[in-house]
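Residue numbers (my numbering): 1 to 972. Even glycine gets a Cβ: it sits at the ideal position worked out from N, Cα and C. Predicted model only: the values in this text are computed from it and were never measured. Working notes for the structure below.
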């Protein structure tokens, strides 16, 4: 499988999809995440004349049996006599762990009219009782084996597939056998008891409420418009609320028996185990699975409607103004072959050129849109859609539409230039090369996800090195004319279909849109001009720096270096990921440097990187450094501003040059700031449309007593913001404050020291400037039984609450902080059991503990719950009762184990990643307490006792010590 995803295409041009969130096609599922819809072979007429189609892949057959694409030799494929397929791969990154997946070729498209939403409901019932596992026991069993609900135990239901996932922290026989037993129970032994169904209704309805937002409603309406008359828009996975409220258990069981069948199922196992032993376990556990009743019949997805230029205006308060132009073709059901893979790569390169052109417009002096993207994707094998989409400035949809129309027409008329194509080949190849270099240390969960990702499309599982070989074959001698010819054919079929989501009505509605398109189409377009030649101006920073001291931290395999100019370097060589290096340069004191009485301008911080460097723009920098693996991001941490990047050994010098240049010579171009400011111009309308949005807007400021370092800017503050405000907050620390560079990954100490000596170590000397006096003090709201109330403008049945109890900072008592973390985990268990499983009041209640390392005395334990407004008082009462029980009664030994073990296992897994150590070592040279915390974290959690948990509850969870925030609908 060579899959160049639409996101990868966008990222290859350096774009962000954050402003085009309405383009995502979400799925529903218990404890799942939003994702794009998948695919299934329909009866829809398809563009497959004279080529092999995916129908050649029969039930119980792997696609490589009929394709010329060779599968990844590291994977063992098999089929049981009952038709169940399995794929097994040994992988020891990280060691001692495994990922199990149970996948079904069944989803919401397979529901009858009376079953809408029940494929997803069934997924929930897989956690609620089976022949050998009583209701409520499955999650507890997994917790005892170190799997946490949500993070390690998860599931998702899509239009055409359902997936159950278990991420195992250990691969001992007990953990593996128990996990396979539970998956086998879900496959064919669910009880689906009527009383259990009734208890779960509230949870499913809570999920429906949580997901309903302006962006989701825009998706639903856009999806229905583009696939007019076809089945996918009529079978959204979340279903119909009336059916969710009233459907009898038997109706769910009917779907279960029709579609959860071995011939529709695949077991995927990846991890640090013996492949022969795992294969034997799968055969033993799933070999006796037999079907019950007749199999379901695949539905007809309907033909693509024949339409020309058609427009639809979607007035949705809280939505961003955007423009989507789409051309809809019949589905491409061609079987994956080597020739097909090469064609897809050529097509992807064409879209990458178009995306790059749209990016140039985005960064222009007078951009016609905030961000734009071109892509093509399959929609459930019902249609193939080519889309150009843009987030427009408020009230300026016409300019965005005009720019999209003319760029589409320009590339069709003139094609791509050879220099443009060569640039995208180099950029895309760098990604394939990096993936191949890291092939031996691919992470287990990623490998399992990649295998599952091939199943619905009947694709062949291939390795990164195989993919690189196919890419090289596809691009050898590739000409711009060939790419242009193929790209031109993608703008055919029904369309253009134009959708304009907008928070307010458009004068003239759809006619105004089609008239604007017609007017733009009359304007001649010229061929794009080739860019000029630019050199990289930051290859040197002066004489290389001298090392003043070097200290080894042997137990953490880490080295501390101090350069003569005061720059600190922390290096941790690892073998977690081949060819991966993470870099972070920490400068100054972050939030500690900002004045608490003023609104922080860091909401616009991304404008700094996007504004480029003094001697070169971002656009030119990306062109000059094309083919190298590097990136840059600006962050603000409690105690430092951070410039971070990700690279590979051969490009470490470039990465450090980029970060050092940003630390010394930011470009501060106003165009980048104005673009961010424009995006934020409507952010309040978006946030106030849901309770979660209001909570995210106001909670940070409220939890810090209105301290401007954490408050969200008001409409007036955004409107009056200037680049100078951001510059005054960031430029001083970046120019003069101390620098700490942290490098973790596939690198040696000597090479890291040499690379930093040429960049940060070569800078003029910097002193250790202390943080402003008193900056470490941050207020926390006073306890109150009276909640702070905010309102939202969304649905009348949407509400959210947040209760916090003040605790302390991390270093006031390190062990007590660990006790409080475990207390939060216990509270999470009880919230899930009481509010979700027993009351059905919410989908995903959460409890967490936070303890600051920078702000003295600042920390909290908190609970967050989504629930209807009329249930808020009852939920608060339940939470207070749980808190009282934790104060008054010791937790059980079983509860303590189920709280501690998943947390400990999560940390053990995290410690096998570069990301964990980049965070853990940041600041450690100047604050050795951080090393103590890192060394002791596992032992500290392990030593937490029943008495420790109760003592923490007594210390912090008093009813008179809590602070509450509620978000309700306006007028409630």
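Excluding five sequence positions before and after residue 614, the CB atoms of its chain that fall closer than 6 Å to its own CB belong to 665, 667, given in chain order. 8 Å or more divides the Cβ of residue 583 from the Cβ of residue 605.
Put simply, the backbone Cα of residue 295 is about 27 Å away from that of residue 195. Residue 750 sits exposed, since fewer than 16 C-beta atoms from the chains shown fall within 10 Å of its C-beta. Following the DSSP letters along the chain, one finds residue 791 in no alpha helix (DSSP H) but inside the beta strand (DSSP E) bounded by residues 788 to 792. Runs of the alpha helix (DSSP H) lying entirely within the region 207 to 271, each at least 4 residues long, are 214 to 226, 241 to 246, 249 to 259 in chain order.
Residue 333 and residue 845 have their C-alpha atoms roughly 42 Å apart.
Taking all protein chains in view, the Cβ of residue 907 is surrounded by fewer than 16 other Cβ atoms within 10 Å, so the residue is classified as exposed.
The three-state reading of DSSP puts residue 596 in coil, since its state is none of H, G, I, E or B. A direct Cα-to-Cα measurement between residue 186 and residue 513 gives close to 50 Å.
Exposure of residue 413 is indicated by the presence of fewer than 16 other C-beta atoms within 10 angstroms of its C-beta. Fully enclosed beta strand (DSSP E) runs of no fewer than 3 residues are not present anywhere in the region 677 to 717.
For residue 869, the three-state secondary structure derived from DSSP is helix. Non-local beta-carbon contacts of residue 486 in its own chain, meaning distances under 6 Å to residues more than five positions away in sequence, involve 346, 347 in chain order. With fewer than 16 neighbouring CB atoms inside 10 Å of its own CB, residue 56 falls in the exposed class.
Residue pairing from DSSP places residue 860 in a beta bridge opposite 806, 850.
A distance below 6 Å between beta-carbons, with the five flanking residues on each side excluded, links residue 538 to the following residues of its chain, in chain order: 657, 661. CA-CA distance, residue 885 to residue 867, rounds to 22 Å. For the pair residue 224 and residue 230, the Cα-to-Cα distance works out to about 8 Å.
The alpha carbon of residue 677 has as its nearest neighbour, out of 684, 695, 640, 719, the alpha carbon of 719. Within 10 angstroms of the beta-carbon of residue 321 lie 16 or more other beta-carbons, which makes it buried.
When the beta-carbon positions are compared, residue 563 and residue 548 come within less than 8 Å of each other.
Membership of residue 54 in any alpha helix (DSSP H) is not indicated, and neither H nor E is assigned to it by DSSP. Closest in C-alpha terms to residue 954, from the list 966, 61, 891, comes 891.
Of the candidates 921, 454, 479, the residue whose Cα lies closest to the Cα of residue 336 is 454.
If only complete runs of 4 or more residues are kept, the region 872 to 926 shows the alpha helix (DSSP H) at 872 to 888, 893 to 910, 914 to 921, in order along the chain. A Cβ-Cβ separation of about 19 Å leaves residue 265 out of contact with residue 167 under the 8 Å criterion.
Judged by their CB atoms, residue 425 and residue 358 are not nearer to each other than the 8 Å cut-off.
The region 400 to 419 and the region 473 to 493 touch, with no fewer than 3 CB-CB distances between them shorter than 8 Å. If only complete runs of 4 or more residues are kept, the region 278 to 335 shows no alpha helix (DSSP H) anywhere.
Cβ neighbours of residue 790 within its own chain (closer than 6 Å, five residues either side excluded): 694, 698, 967. With 16 or more other Cβ atoms from the protein chains shown falling within 10 Å of its own Cβ, residue 862 counts as buried. Judged by pairs of C-beta atoms under 8 Å, the region 725 to 734 does not touch the region 522 to 530, as fewer than three such pairs exist. Per DSSP, reduced to three states, the secondary structure at residue 118 is helical. The region 871 to 887 and the region 230 to 245 do not touch, with fewer than 3 CB-CB distances between them shorter than 8 Å.
Inclusion of residue 72 and residue 689 in the CB contact set at 8 Å is not warranted, their separation being larger than that value.
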